[in-house]
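These notes are about the structure you will find just below.
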Amino acid sequence: MEKQHIFLIGFMGTGKSTVAGELSRRLEIGQIEMDDEIVKEQGMSINDIFEKYGEAHFRGLESDLLAGLAEKEQMVVSCGGGVVTRSENVECMKKCGRIVLLTARPETVYHRVKDNEERPILKNNMTIEFISGLMEKRRTAYESAADILIETDEKSVLQICEEIMHKMKFSRIRQ
Ligand code: S3P
1 MEKQHIFLIG FMGTGKSTVA GELSRRLEIG QIEMDDEIVK EQGMSINDIF
51 EKYGEAHFRG LESDLLAGLA EKEQMVVSCG GGVVTRSENV ECMKKCGRIV
101 LLTARPETVY HRVKDNEERP ILKNNMTIEF ISGLMEKRRT AYESAADILI
151 ETDEKSVLQI CEEIMHKMKF SRIRQ
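Rendered as structure tokens:
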């Protein structure tokens, strides 16, 4: 496998972090969780960053972090659910890696995220309707960015990793 990052993208609650952990273990490469990295760098929670500086500022932090990954050793990158909202982020990921989209039904996402209060976007919007609406708004951005698409509903982490590894072997490798 060539030395390129593996970017896991997808809506909140599609399992990016869990899958990144297992995939990095299987491939014996490093792993990075964008949200955790931003929290560490800023010394603030994602909620506090949104509240104090606003979403646009957070998006800027995401772009800076992604841009800095180009020089790093190959790793699995678990992206924040909103990275695809900026085309410069997608271009940046395409340049230095392959992009794997994880999808799940709104109902599945809702059940996975409903008790977590650390996602400002869902804070006062924790309903299947809202999730479904935002997912639809972002669908084109997710799908056009992706090299590989994996549906995660009713699949185990192991099954998802197998599928990613299988599909990666056959996916077109960018020049
Ligand atoms: C966001 C997703 C979150 C986090 C932030 C915004 C989004 O990441 O970056 O709360 O806009 O979809 P996860 O997808 O890891 O939950």
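Residue 41 in the numbering used here is what sits at position 41 of the sequence shown, and the numbering runs on without skipping anything.
From the three backbone atoms N, C-alpha and C, an ideal C-beta is built for every residue, glycine too.
Remember, predicted model here, so these are calculated numbers, not experimental data.
In the DSSP assignment, arginine 105 falls outside any alpha helix (DSSP H), carrying neither H nor E. Burial state of asparagine 116 is exposed, judged by a 10 Å Cβ sphere holding fewer than 16 other Cβ atoms.
A check of alpha carbon separations from glutamate 71 across His57, Cys92, Glu41 identifies Cys92 as the nearest.
When Cβ pairs closer than 8 Å are counted between the two stretches, the segment 44-64 is seen to touch the segment 119-131, the count reaching three or more.
Note on threonine 140: under 16 other CB atoms within 10 angstroms of its CB, so exposed under the neighbour-count rule. In the structure shown, methionine 168 adopts helical secondary structure according to DSSP, grouped into three states.
Here the distance from the Cβ of glutamate 143 to the nearest heavy atom of the ligand S3P is not below 8 Å. Taking all protein chains in view, the Cβ of glycine 68 is surrounded by fewer than 16 other Cβ atoms within 10 Å, so the residue is classified as exposed. Relative to cysteine 161, the option among Ile9, Ser144, Ser24, Gly10 whose CA is nearest is Ser24.
The alpha-carbon separation between glutamate 163 and isoleucine 6 amounts to approximately 14 Å. Taking a cut-off of 8 Å for Cβ pairs, the segment 145-158 and the segment 88-103 touch, as three or more such pairs fall below it.
Residue state for methionine 12 is assigned as coil, using DSSP reduced to three classes.
Boundaries of the alpha helix (DSSP H) harbouring serine 87: 87-96, taken from the DSSP string.
In terms of side-chain proximity, the C-beta atom of methionine 34 is found nearer than 8 Å to a non-hydrogen atom of the ligand S3P.
DSSP links methionine 75 through a beta bridge to Gly30.
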